[in-house]
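Heads up, the sequence shown is in UniProt numbering, so the first residue is 1 and it goes up one at a time.
Everything below concerns the one structure shown next.
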Amino acid sequence: MATPAEIIAARVNGTYVPENEPEPVKKKVEPVDKENAFPVLGGRLSPAAGNMGANTSWGPGINGKTASGAGAVAATPLLKSNSARSSPVPATKSNFKGTTVQEAFSLDVEDQLNVTKAEFIKVLSSIKQETKTSIECTTSQHTKKRTFLITGSPEAVKLGKRLVIKKLTKPVSIAFTIPSKLRSRVIGAQGKNLKPIIEENDVKINIPNAEASPSPVGDDVDDDDIFAHTVEVTVDGDAEGCKRAKALILAIVKEETKNTSVKIPLISPDKPWAAKEAKIFQEKYPDIEILAPLYNEPSDNMIITGERELVLKVRDEINEAFRTRIHSNTSSAESVPRVKQQFLPIQRLIDEDDVFIELYPSGDIVKFIGPEHKLNAAKEKARQTTLQYQVDVLDMSKAHKGNVNHVKAIASLFLRTGKFKEIAATHNVVVLPPKEDLLTKDEEKSLEIQVILKTLEAEAGKDARRAIVSAVNRILPEKTKVVDDVDVLLLSKAESILKVEAPKHNVEFTIFRNKIYLFDVFDAQDSDDFGEDNFSDNNLELVNNHLDELRGILEFLTNVVMTVSVENQRLLNSKNSTLLNLILNEVEPESVMVEFYSDGIEKEAYEKDSLLIHGIKDSVLVVEKQIAQVLDDYAEHNRHYLASVEIPASVVPKFIGKAGANVNAIKKKYGVDIDSNDFKKEKLDIVNFDISGHKKSVELAKSHIQKEVKKLADDKIARVRVEAEYHRRLAGPGFKYMHRLEDKYGVKIRFPGDNIGKFVDAPSNKDEITIRGPSKGVAKAEEEIKELYAFEKENGFKTRVKVPTKAIARVIGRNGDTIKGIVDGFGVDYSFNRNKEAEEAQGFGEIEFTGSRSALKQATEKVNEIIEEVENFVTVTVNVPPKYHSDIIGPAGRVMREIINKAAGDIFLPPQQFGRLLQVPDTDAGSDEVVCAGDKKVVDKIVAQIKEIVAEREAAIEDTIEVPKSKHRQLVGPGGAIRKELQEQFGVRISLPRPENPLLVITLSGKPERIEKLKERIKELTKDDWNESIEIPAHLHVFVSERGTLINEFKVEQNVNMSHGNYTRKATLIAKAALPTPPEDVDADEGEEGKYQCVITPFEHVEKYTIPWRFSGDKDATAKAAKVVEERLEQAKKITHQGWFTPVNSKRFYPRLIGSLGSNIKQLRKETGAFIMSPRDNGPIYIAGTEELVKAAKEAMTKLV
């Protein structure tokens, strides 16, 4: 049986049914728009009126539980309401003329505040007085539940109920979770969403950062499910306020999660068909968006976006489709050559045949995967595709006699300079060089270069191969200098120096494996294989000397080893840590480097808890101190150091940036958290932001923010009215005038455009220009723009250009590109109001240009050039027998390009015009028509050249001439330059045998009279140009030449030049080789008081080959020089012993022995007749001659020390 309190509440809410009473007689229900449909105040409420509390949320109990009991029967929980209003649901208003309503509600005993009866009456009286309402209360004797009936105006009843609940119920705290990604949406910009909820419900709400409130989920959650990671929201206040606040927060969450995005991880068997499945399901469900990567794209996720429930459904269906496909597919292994696997049409087979080809890291085996009945067709398609391509493989490691380290350095150079790409573009092939990571591996000995081309274009592949070989052969080891005395810390500075200085001396460089390689590059002969070549003069030392300033820094470098635990090393060096960069920013850039035990320090040299700081001493000390301070701060504060910064409210939106972009950039740069709780307060002039993290990061971030805020506070936007017709002239060609102003005053100037509407400082209309930046800069820029605008208004000139009808399309260009280029290039405006009928009648159209006089002149000249091109355009067809087509094209199109360039002269030809000027049919076309289309003057010259080539080929004969193999190079020249010059001069084709071919015969093809003239020229070029020749045994070359000194003396003093034929490089190497070292097993003769050591041993003549010495110059001078060489040769042949004389105190005695500019050594040679050579360093002095002469030299040197 219901208590009186429950009956009252039920009656008020229209839900009371008396027990054991007969059903009431049904009465006619009046329409609700009639006054008599409602009872008078104080009478029984009609059902319509009784329902006014149906949507009232009853006071929840502790921990957020909804109140129970009869009084709650009619209460509809707010969470189940369809309303998403941001304020509590008011009692339903009645429609009678008065404004008085009633509302009943109950409070469970466990929710009630424990107060005395007197306090209770006092509270109720104060509420009545404050709200001007009538409040009746009854208490159930059984449940102690209190039921209240409040009567008054709607707003007063609402307020009365809130005050009753607030003052007579216990404070509660409820907690619930929301997705962490929606935290910012719930709070709103500067708290605009959360503030009203707090104020209207008189509660406190805490929504911590995601990092501070980890989600209570396992490690296997789906990171892409928005509900996978949550934060706990805590609401403190009275029961009713907490309940309503929770409902409003969840309403925001519900609205935000209406749509969602999920990822489907793509495992290996699924990914090839992901894009195809995405297309199928996209057509099936057009209301969602599905993005999937292709098989070879880096992403391994399919992304589905749309309405949440539908997205989850589609995700499940796609996963099921993948499972079905895996079970229905079969596989078949096939052998495909490794070099041709790159041509397999994998994506095409997926699209057309539902078949995927799986490649393996190595080997020739590939796997075809797909429906069994489609595999054979897919294999045939793959085979036909690979047949269209050819791969030539060059192994660079064979170059320079297998000097792999040198060749790797060359590869590094070519990768840095783009040489491989240049060769590929020149010959229209694809060149795949060795991968850069392979170059650094010592165990990697093979360096393959792949030249990829179409099978029908084999000649281009040969040309590309020759170009690569020539480029590699050009860089000789002996013309390479390896610089390893520049500290790794200074390599970037060295690079900056070399970029400026190396080109001045025709030297190229690369930095490879922490060493600098300098290359003195020469033009190698036109070869198609790796071999030996001559070299150019040595400029390496000149370039190397420019690095001396860096070597001078070496004495200021130092190392410091700190003891830092591995854990603290991770703190400084982890992937997401910014601490190390912040520390290094405290010193000069590139003045210090820090290495960690796990990242490069030799583990045998340092302990595990070691950290190495290397660099300039002052910088090292600063970094050492900073690291120690950071670690001390970490021990004290961990990552929880807190600082605050005050920002004017007017600057806050700019400081935060769109979608938090600016503040997120600061957080990322300094590795800190930035937050503010001031959004919970009333509107403020100053907003306080908290910065937390490592102490150093926080302090630097705070300083950065303060500077940024100061700059933002001075940020100004000026809007200048300038008619759109003047914008182009103000901006200048390519906006260069405006860029100049921007750089000058540090401002940003914007003109109207389709893509700038997203910016705050975007112009508001087409006749406006905006300037944004520091107030002073904005003012000055605005002043200049207004002056320029005034000038343009007074000096805007116009001109009209008549364009023949047939030239209009060319002047305008495709999509207006040509006219736009003229307008942008010369800074003019144009107007072209076309009237096709008038143009046809007059035969021309008119373009009006507006701008300065000089700009109008340039624009007009450009238009007239285009008109002239159109009017002079002709197409000429020349019938050329197909057998001569290759003569017109030439290797890799070389002759064709020469024909066009010669005909065009200084005329610039765009690529599209260049291609039309000379069009030769394909080999398999079966046509003899060569088409030339373009400017008449150029076409006429091309046609004349074609006819000349055909006439020459028809009249050509073949003849041969024998030339010694050693002199073939004299006809080739650097990069084939001499051969090319001869062919052009005499109009004869020259074919030389390959370097490894022993034939002496050179084939000449051309007109008989020209061949005869060329033969005479070849004889002149290859005749002996020396007067004297002497063969010197290779092991005596160093003695006769005095390590090259004698040859230089002949050249300087007697103007006699020396050459060594094919042995030039070997002669140079012998002359520059290190002196022999004394044998270790021979006892040294200790001199007086230990001042020197001397070792004398027999000399053995080992004659392997001879080096020719060829003297050219004045006849008498060469004869005189030859006599000197013969005398020295005879003297060298008499050598029987060799010795090594070493002063113990080299710094003291070497100057005595050598003398000024080697004067003492020269005197000793003259007096003793022995061969005496001093080393380039302070090593032993080498002596050779007969035993008597060697001993005599030793005695003479003994006296000097």
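Glycine is no exception: its CB is placed at the ideal position from the N, C-alpha and C atoms.
Could you give the distance in angstroms between the alpha-carbon of residue i and the alpha-carbon of residue j?
i, j, result
"P171", "K128", "22 Å"
"V359", "Q347", "Per the sequence shown, residue 359 should be read as Leu rather than Val. Each residue's Cα considered, the two are about 13 Å apart."
"I808", "K820", "14 Å"
"A247", "K654", "33 Å"
"E848", "I866", "16 Å"
"T147", "K254", "34 Å"
"G237", "P179", "23 Å"
"I627", "I583", "7 Å"
"L41", "E199", "Any answer about L41 is weak, because its pLDDT of 33 lies below 50 and its placement is not dependable; what the coordinates show is given next. For L41 and E199, the distance between alpha carbons rounds to 33 Å."
"I1183", "L1129", "16 Å"
"K1015", "I961", "7 Å"
"R729", "I749", "14 Å"
"T324", "P371", "12 Å"
"E436", "N539", "28 Å"
"E110", "H640", "41 Å"
"V698", "L642", "7 Å"
"Q842", "K786", "42 Å"
"residue 1207", "A460", "In the structure displayed, the chain extends from 1 to 1201; residue 1207 sits before or after that span and is not available."
"V1006", "I990", "The sequence shown places Gly at residue 1006, not Val. Roughly 9 Å separates the two Cα atoms."
"T305", "A661", "23 Å"
"M738", "G827", "12 Å"
"K1023", "K937", "44 Å"
Compute the beta-carbon to beta-carbon distance between residue i and residue j, rounded to the nearest angstrom, for a pair I have assumed lies under 8 Å.
i, j, result
"D935", "E869", "6 Å"
"D364", "V393", "The Cβ separation is near 14 Å, so there is no contact."
"I691", "I674", "5 Å"
"F1141", "K1194", "6 Å"
"G890", "M896", "6 Å"
Tell me whether residue i is buried or exposed, calling it buried when 16 or more other Cβ atoms sit within 10 Å of its Cβ.
i, result
"Y1105", "exposed"
"T510", "buried"
"P434", "buried"
"V1052", "exposed"
"N1048", "exposed"
"V760", "exposed"
"H1035", "buried"
"K379", "buried"
"I1096", "buried"
"N95", "Caution is warranted here: a pLDDT of 45 is assigned to N95, below 50, making its placement in the model unreliable, and the coordinate value is therefore given only provisionally. Exposed, since its Cβ has fewer than 16 Cβ neighbours within 10 Å."
"R383", "exposed"
"A701", "buried"
Nearest CA to the CA of residue i: which residue from the options?
i, options, result
"H727", "T770, D743, L700 and K695", "T770"
"K1019", "I449, Q970, E200 and E567", "Q970"
"V651", "K445, A956, V663 and A292", "V663"
"G241", "V566, N405, P1143 and I205", "I205"
"K195", "A245, E155, I165 and L159", "A245"
"N1027", "D270, V483 and A1122", "A1122"
"N193", "S852, I249, K1162 and N296", "I249"
"L294", "A1196, K1023, D287 and L266", "L266"
"K696", "K711, K1133 and S577", "S577"
"Y517", "E501, D484, V500 and H546", "D484"
Can you find a C-beta in chain C that's less than 8 Å from the C-beta of residue i?
i, result
"L248", "In the displayed structure, chain C is absent; only one protein chain is listed."
What do you reckon, is the C-beta of residue i under 7 Å from a heavy atom of the ligand ZN?
i, result
"A1034", "In terms of ligand content, the structure shown is empty, and the ligand ZN therefore cannot be addressed."
If contact is defined by three or more beta carbon pairs under 8 Å, each pair taking one atom from either stretch, is the segment 545–557 in contact with the segment 479–498? Touching, yes.
If you pair each beta-carbon of the segment 157–171 with each one of the segment 117–132, do three or more pairs fall below 8 Å? Under the Cβ criterion (8 Å, minimum of three pairs), the segment 157–171 counts as touching the segment 117–132.
The segment 571–589 / the segment 627–644 touching (three or more Cβ pairs under 8 Å): At 8 Å Cβ cutoff, the stretches touch.
Counting Cβ pairs, one atom from each stretch, are 3 or more of them under 8 Å apart for the segment 854–865 and the segment 883–899? No contact exists between the segment 854–865 and the segment 883–899.
Pair every Cβ in the segment 350–359 with every Cβ in the segment 309–322, then say whether three or more of these pairs are closer than 8 Å. Per the Cβ contact rule, the segment 350–359 is not in contact with the segment 309–322 (fewer than 3 Cβ pairs under 8 Å).
Just checking, does the segment 435–454 make contact with the segment 389–404 on the three C-beta pairs under 8 Å criterion? Because the criterion of three Cβ pairs below 8 Å is met, the segment 435–454 and the segment 389–404 touch.
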